[in-house]
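A quick write-up on the structure given underneath.
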Ligand SMILES: Cc1cc2nc3c(=O)[nH]c(=O)nc-3n(C[C@H](O)[C@H](O)[C@H](O)COP(=O)(O)OP(=O)(O)OC[C@H]3O[C@@H](n4cnc5c(N)ncnc54)[C@H](O)[C@@H]3O)c2cc1C
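Residue numbers (the UniProt record's numbering): 1 to 431.
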């Protein structure tokens, strides 16, 4: 017996669950497939030695669309906002970061002329019309905005911080500036980790009648004679559905679409470049230097932040959870052992002797932070969620024209659900 559905959502991450929650408000019968044992995708939180580890550092924009959409779905988002501040590091020199009024006053990184320029650029970013940035790379925008090398390096730092993209020559100024605008509005570190969002979305979807199947890897999509999709899972099961919403990796979409589809986006999907990072997630009994809560490398692309200072992330309640991360350049070759040594060395500069207090750690040499590095001229490819194959929709952090990260995932999940509802409305009116 082939099971029949109105909508099958492929992927139980943020995009899939947001779509499932919107579709759950309709009479459509919806199935969500997740290939992993656990749901959540990259928004999951793992418990290691009683400590809650997000998959690397995770911060939710306070002024972004994702928060608005999640709140529209009645998702509770508890946690706190980290204070602006911290330090900037170049080799063994530390500077106060000019990210707060006090930091701006105290820093020795900038002279007075550069401080004035930095402030006026931040105001320019806050007020900038991002539509005018659509044709520029972030590098071009930075070079047109200032001649100061120091101010340029600060712009690259906040660009990395806001987007995780470390390729100013390639990345679109439109996306970077809009995410810096969000970042200026502050972020929240979530109590209990990002899994709390997923758990709430999951429970609501199940209560509203969405069927969720984990350990279900969708291997192939074909269309049958009655214009329905036939999905094959890796365990050999077959499903039939009117609509498919795919939220997995873009390069894998080509593999699951059978050759018979005249899929015009094929080449374009193959050209999408991911944004990657190396992460070191650490739980410590205590911090050797309790005041050092945030740091960024100046020319070396490193990040450090103590998330448990602002969010409950320890089941025992006694440990400090911090994240160290290196932003990878897309053309860089990654050597795992070297990455680990470098991340540990960066942490050593901020918390010397941290190993003495270690309770748990996890190192990941190259995790995909975002499935797409947003490049100039690409926005038009993502204006619609429906692909050239009628009834096949896409969502995920790579599938939004305007946003990336959780912003892109949540926004595109909602958009795809609305497009499916509209299409369904049209076809039920027609019959
Ligand atoms: C280190 C790191 C730091 C980050 N920091 C931030 C941050 O500070 N702020 C922010 O906003 N975002 C951050 N992000 C990004 C954010 O986590 C992701 O953008 C978001 O979780 C992506 O959601 P998604 O649903 O698009 O994709 P995913 O979470 O990847 O979900 C897709 C799901 O589909 C499943 N799947 C794929 N193919 C199939 C198939 N064939 N069959 C069945 N299931 C399938 C996968 O197993 C996965 O669970 C970070 C990510 C990382 C890795």
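For glycine and all other residues, C-beta sits at the position ideal for the given N, C-alpha and C. Remember, it's a predicted structure, so these values are computed and weren't measured experimentally.
Collapsed DSSP secondary structure at residue i in the structure displayed
{"i": "residue 268", "result": "helix"}
{"i": "residue 12", "result": "coil"}
{"i": "residue 315", "result": "coil"}
{"i": "residue 145", "result": "helix"}
{"i": "residue 391", "result": "coil"}
{"i": "residue 62", "result": "coil"}
{"i": "residue 419", "result": "helix"}
{"i": "residue 477", "result": "Nothing about residue 477 can be read from this structure; the chain reaches only from 1 to 431."}
{"i": "residue 431", "result": "Low local confidence applies: a pLDDT of 47 at residue 431 is under 50, so the model's placement there is unreliable, and no value is given."}
{"i": "residue 30", "result": "strand"}
{"i": "residue 163", "result": "helix"}
{"i": "residue 76", "result": "coil"}
{"i": "residue 38", "result": "coil"}
{"i": "residue 25", "result": "coil"}
{"i": "residue 131", "result": "helix"}
{"i": "residue 408", "result": "helix"}
{"i": "residue 441", "result": "Residue 441 cannot be examined here, being either before or after the span of the chain that is shown, 1 to 431."}
{"i": "residue 354", "result": "helix"}
{"i": "residue 67", "result": "helix"}
{"i": "residue 424", "result": "helix"}
Run of the beta strand (DSSP E) containing residue i, from where it starts to where it stops
{"i": "residue 242", "result": "238-246"}
{"i": "residue 211", "result": "211-213"}
{"i": "residue 346", "result": "Looking at the DSSP string, residue 346 is not in any beta strand (DSSP E); the run it does join, the alpha helix (DSSP H), is 336-350."}
{"i": "residue 370", "result": "358-370"}
{"i": "residue 276", "result": "275-284"}
{"i": "residue 206", "result": "Segment 195-207 is the alpha helix (DSSP H) holding residue 206; no beta strand (DSSP E) there."}
Rounded Cβ spacing between residue i and residue j (contact assumed at less than 8 angstroms)
{"i": "residue 54", "j": "residue 45", "result": "5 angstroms"}
{"i": "residue 281", "j": "residue 362", "result": "5 angstroms"}
{"i": "residue 247", "j": "residue 11", "result": "3 angstroms"}
{"i": "residue 350", "j": "residue 276", "result": "The pair is not a contact, with the Cβ atoms about 23 angstroms apart (cut-off 8 angstroms)."}
{"i": "residue 284", "j": "residue 320", "result": "5 angstroms"}
{"i": "residue 187", "j": "residue 59", "result": "4 angstroms"}
{"i": "residue 31", "j": "residue 5", "result": "5 angstroms"}
{"i": "residue 382", "j": "residue 365", "result": "No, residue 382 and residue 365 are not in contact; Cβ-Cβ is about 29 angstroms, not under 8 angstroms."}
{"i": "residue 391", "j": "residue 244", "result": "7 angstroms"}
{"i": "residue 7", "j": "residue 241", "result": "6 angstroms"}
Where the alpha helix (DSSP H) through residue i begins and ends
{"i": "residue 173", "result": "173-184"}
{"i": "residue 125", "result": "112-127"}
{"i": "residue 256", "result": "250-256"}
{"i": "residue 287", "result": "It is not in any alpha helix (DSSP H) - residue 287 carries neither H nor E in the DSSP assignment."}
{"i": "residue 103", "result": "101-106"}
Check: residue i C-beta below 6 angstroms from any heavy atom of ligand 1
{"i": "residue 397", "result": "yes"}
{"i": "residue 117", "result": "no"}
{"i": "residue 2", "result": "no"}
{"i": "residue 42", "result": "yes"}
{"i": "residue 193", "result": "no"}
{"i": "residue 218", "result": "yes"}
{"i": "residue 198", "result": "no"}
{"i": "residue 283", "result": "no"}
{"i": "residue 185", "result": "no"}
{"i": "residue 339", "result": "no"}
{"i": "residue 349", "result": "no"}
{"i": "residue 10", "result": "yes"}
{"i": "residue 211", "result": "no"}
{"i": "residue 332", "result": "no"}
{"i": "residue 394", "result": "no"}
{"i": "residue 409", "result": "yes"}
{"i": "residue 369", "result": "yes"}
{"i": "residue 236", "result": "no"}
{"i": "residue 34", "result": "yes"}
{"i": "residue 313", "result": "no"}
{"i": "residue 159", "result": "no"}
Residues that residue i bridges to, as DSSP identifies them
{"i": "residue 304", "result": "295 and 324"}
{"i": "residue 218", "result": "233"}
{"i": "residue 53", "result": "46"}
{"i": "residue 3", "result": "239"}
{"i": "residue 156", "result": "DSSP, once it has assigned bridges, lists no residue as partnering residue 156."}
{"i": "residue 187", "result": "61"}
{"i": "residue 386", "result": "393"}
{"i": "residue 223", "result": "229"}
{"i": "residue 87", "result": "96 and 295"}
{"i": "residue 137", "result": "172"}
{"i": "residue 375", "result": "171"}
Residue i CB to nearest heavy atom of ligand 2 below 6 angstroms
{"i": "residue 247", "result": "Among the ligands in the structure shown, ligand 2 does not appear; only ligand 1 can be found there."}
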